[in-house]
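Since the structure comes first, as structure tokens, the remarks are kept for the end.
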Amino acid sequence: MLRTINKSIFRRLLFSYLLTVLLGLGVVGLLISFFAKGYIYDSKKEELLRKAKKVNLAIQETQSIDSSVESMLVFFDQTFDSRIWIFDSNGKIIATSTKDEVFIGKSVAMSIAKKVARGETAVSELSFEGLTQPMLSVTVPWGKDNRIYGGIVLHAPVNGINETVSNIRETILWGTLIGVLISTAMVSYLSWSISRPLQAIDRAASEIGLGNYTKRIEIDSADEIGDLAQTINSMAGKLELTERERSKSEQIRNDFLANVSHELRTPLTAMQGFLEALQDGLIDEDRRQSYYDIMVQETLHMNRLLDDITMLDKLKNDEIALSRHPVDVCSFLRNIALKFEAIALSKRLEFRVECAEGLPPAFADLDRLEQIISNVVNNAIKFTERGHVRISARRDDAFIEFVVTDTGIGISQSDRELIWERFFKADRGRAKNQKGTGLGLAIVKELVELHGGTIDVESEPDQGAAFRIRLPVQPS
1 MLRTINKSIF RRLLFSYLLT VLLGLGVVGL LISFFAKGYI YDSKKEELLR KAKKVNLAIQ
61 ETQSIDSSVE SMLVFFDQTF DSRIWIFDSN GKIIATSTKD EVFIGKSVAM SIAKKVARGE
121 TAVSELSFEG LTQPMLSVTV PWGKDNRIYG GIVLHAPVNG INETVSNIRE TILWGTLIGV
181 LISTAMVSYL SWSISRPLQA IDRAASEIGL GNYTKRIEID SADEIGDLAQ TINSMAGKLE
241 LTERERSKSE QIRNDFLANV SHELRTPLTA MQGFLEALQD GLIDEDRRQS YYDIMVQETL
301 HMNRLLDDIT MLDKLKNDEI ALSRHPVDVC SFLRNIALKF EAIALSKRLE FRVECAEGLP
361 PAFADLDRLE QIISNVVNNA IKFTERGHVR ISARRDDAFI EFVVTDTGIG ISQSDRELIW
421 ERFFKADRGR AKNQKGTGLG LAIVKELVEL HGGTIDVESE PDQGAAFRIR LPVQPS
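The UniProt record's numbering puts the sequence shown at residues 1 to 476.
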């Protein structure tokens, strides 16, 4: 469709430009021809008038025609290349510059004779009996001062003037044809230069329409077509980004379903095996309680998994509303210490809380803050077999910075950016006895960002880890 439009645009541009050029050149040619003809006639008339006045200067003292006057008329005829008549006050021709006597005795038009008698000049296209072709004639008075003896007529063939005008018109016509040819080439190039980028836009738009969102239009012109190309490129870029995000979302959804299926299938398979063993009477009475305890733990694990999935889904969809209040940071950390001290001691770990003096209150949802810090501290204890776990808090401009450090197994560089992903579990082989949903840190990151804070980690394998959580202080 667009190709048809492009071709139509090319034709319309070509024809409209050519029509404009033809009309322009045609009008200019007609005007030049018209004015050229007028200019040539006027020039010829002025030339004849000057010559006629020169003839009068030569014979103005003579009231009659004699041989000397006739000789002068012949001389002027040859010099001026113009036929000369002289007529008396009655308009009767009494002398000519040629041997032909056919005109002698004939009369010029009475209107011309009257003009001359008044001392005026006359110009006309004369068709006189005996003339073989039309003449441009000028008439001036013959005489001096107020003494008018008659008139002097100079003739020039109109055909010569018309031939000159025709030559000019022919030159204009050829110039117009050459101009049309040159204009056709220029207009064709101009039309092509306009339609070519439109065809490029057409091809690119077709590819984009077929799903090739990486396609770009290579047009750098700073005009409306260039703006259109940039707009389409921008649209393609947005579509490409949208497609990448859609693919990423699809991949995340597939990974999520696979991870959920895996996380649920493992405990369900274990529970199925235990139940079948109990059903078949393969478990001794004294071991049954431990099997029941394992199934309860697996059930609790699945409940935690479902709770975490629900929580993360609500966070992703902005369905969690914070109830933010000023929180005494040091008091809060002491409560966290009471919660985890027993667990740390059971693993023979040093557990310590350090809180800077004079800390302003944090502005946070207390329950969500406890969920954030507890999750990070729980992970620190879980993945630390010897050494210590410490929690510290200090002010950092308009934020309170919580730092949880441990001397545990650490996190590899390749895993540091992935630990915030759902269901990601780093170095499973290095913590075989540790069990979790793989959603804890993903939830922590969402909750921290919901508070307007940040979280990051510094760690190396076997060198422990330091999680830094920055949350806003209470507004003043």
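Each residue gets a CB set at the ideal place from its N, CA and C atoms; glycine is no exception.
Simplified DSSP assignment, three categories, for residue i
{"i": "glycine 119", "result": "coil"}
{"i": "lysine 215", "result": "coil"}
{"i": "glutamate 401", "result": "strand"}
{"i": "phenylalanine 75", "result": "helix"}
{"i": "phenylalanine 80", "result": "helix"}
{"i": "arginine 394", "result": "strand"}
{"i": "phenylalanine 351", "result": "strand"}
{"i": "threonine 266", "result": "helix"}
{"i": "isoleucine 411", "result": "coil"}
{"i": "phenylalanine 15", "result": "helix"}
{"i": "serine 107", "result": "strand"}
{"i": "threonine 20", "result": "helix"}
{"i": "arginine 422", "result": "coil"}
{"i": "isoleucine 320", "result": "coil"}
{"i": "histidine 451", "result": "coil"}
{"i": "arginine 430", "result": "Residue placement at arginine 430 is poorly supported in this model, since its pLDDT is 48, which falls under 50; the coordinates still yield a value, given next. Note: arginine 430 maps to helix in three-state DSSP."}
{"i": "asparagine 6", "result": "Its pLDDT being 48, under 50, asparagine 6 is placed unreliably by the model, and the measurement read from it follows with that caveat. Three-state result, asparagine 6: helix."}
{"i": "phenylalanine 383", "result": "coil"}
{"i": "lysine 53", "result": "helix"}
{"i": "glutamine 63", "result": "coil"}
{"i": "residue 477", "result": "As shown, the chain starts at 1 and ends at 476. That puts residue 477 outside it, with no answer to give."}
{"i": "threonine 310", "result": "helix"}
{"i": "glutamate 417", "result": "coil"}
{"i": "residue 480", "result": "Since the displayed the chain opens at 1 and closes at 476, residue 480 lies outside it and no answer follows."}
{"i": "leucine 278", "result": "helix"}
Assigned exposure category for residue i - 16 Cβ within 10 Å defines buried
{"i": "serine 193", "result": "exposed"}
{"i": "residue 478", "result": "Only positions 1 to 476 of the chain appear in this structure, which leaves residue 478 out of reach."}
{"i": "serine 39", "result": "For the record, residue 39 in the displayed sequence is tyrosine; it is not serine. Burial call: exposed."}
{"i": "proline 475", "result": "exposed"}
{"i": "serine 166", "result": "exposed"}
{"i": "glycine 91", "result": "buried"}
{"i": "lysine 144", "result": "exposed"}
{"i": "phenylalanine 135", "result": "The sequence given here places methionine at residue 135; phenylalanine does not occur at that position. So methionine 135 counts as buried."}
{"i": "aspartate 308", "result": "buried"}
{"i": "histidine 155", "result": "buried"}
{"i": "aspartate 397", "result": "exposed"}
{"i": "leucine 177", "result": "exposed"}
{"i": "leucine 268", "result": "exposed"}
{"i": "arginine 253", "result": "exposed"}
{"i": "tyrosine 189", "result": "exposed"}
{"i": "isoleucine 373", "result": "buried"}
{"i": "alanine 222", "result": "exposed"}
{"i": "phenylalanine 75", "result": "exposed"}
{"i": "asparagine 303", "result": "exposed"}
{"i": "aspartate 462", "result": "exposed"}
{"i": "phenylalanine 402", "result": "buried"}
{"i": "isoleucine 411", "result": "buried"}
{"i": "tryptophan 142", "result": "buried"}
Short Cβ contact (8 Å threshold) for residue i with residue j
{"i": "valine 473", "j": "alanine 362", "result": "yes"}
{"i": "arginine 422", "j": "leucine 447", "result": "no"}
{"i": "threonine 121", "j": "valine 138", "result": "yes"}
{"i": "histidine 388", "j": "leucine 349", "result": "yes"}
{"i": "isoleucine 219", "j": "proline 197", "result": "yes"}
{"i": "threonine 184", "j": "leucine 18", "result": "yes"}
{"i": "alanine 466", "j": "glutamate 458", "result": "yes"}
{"i": "serine 323", "j": "aspartate 365", "result": "yes"}
{"i": "alanine 236", "j": "isoleucine 201", "result": "no"}
{"i": "isoleucine 381", "j": "lysine 347", "result": "yes"}
{"i": "isoleucine 104", "j": "isoleucine 93", "result": "yes"}
{"i": "leucine 181", "j": "tyrosine 213", "result": "no"}
{"i": "leucine 25", "j": "glycine 179", "result": "yes"}
{"i": "isoleucine 409", "j": "valine 377", "result": "no"}
{"i": "alanine 36", "j": "isoleucine 168", "result": "yes"}
DSSP bridge partner residues for residue i (one or two, in chain order)
{"i": "phenylalanine 87", "result": "Ile93 and Gly151"}
{"i": "aspartate 406", "result": "Val389 and Ala465"}
{"i": "lysine 144", "result": "Arg147"}
{"i": "alanine 362", "result": "Val327 and Val473"}
{"i": "glutamate 458", "result": "Ala466"}
{"i": "serine 33", "result": "Note: serine 33 sits in no beta bridge, so no partner."}
Expected contact under 8 Å - CB spacing of residue i and residue j to nearest Å
{"i": "valine 187", "j": "leucine 14", "result": "6 Å"}
{"i": "glycine 453", "j": "isoleucine 469", "result": "7 Å"}
{"i": "threonine 98", "j": "aspartate 66", "result": "Incorrect: roughly 17 Å between the Cβ atoms, too far for contact."}
{"i": "isoleucine 59", "j": "valine 69", "result": "5 Å"}
{"i": "phenylalanine 80", "j": "glycine 151", "result": "About 17 Å; that fails the 8 Å criterion."}
{"i": "isoleucine 443", "j": "leucine 312", "result": "5 Å"}
{"i": "tyrosine 149", "j": "serine 89", "result": "6 Å"}
{"i": "residue 482", "j": "leucine 441", "result": "Residue 482 falls outside the range modelled here, since the chain spans only 1 to 476, and no answer is possible."}
Check: residue i C-beta below 7 Å from any heavy atom of the ligand HEM
{"i": "arginine 246", "result": "For the ligand HEM, the structure offers nothing, since it holds no ligand at all."}
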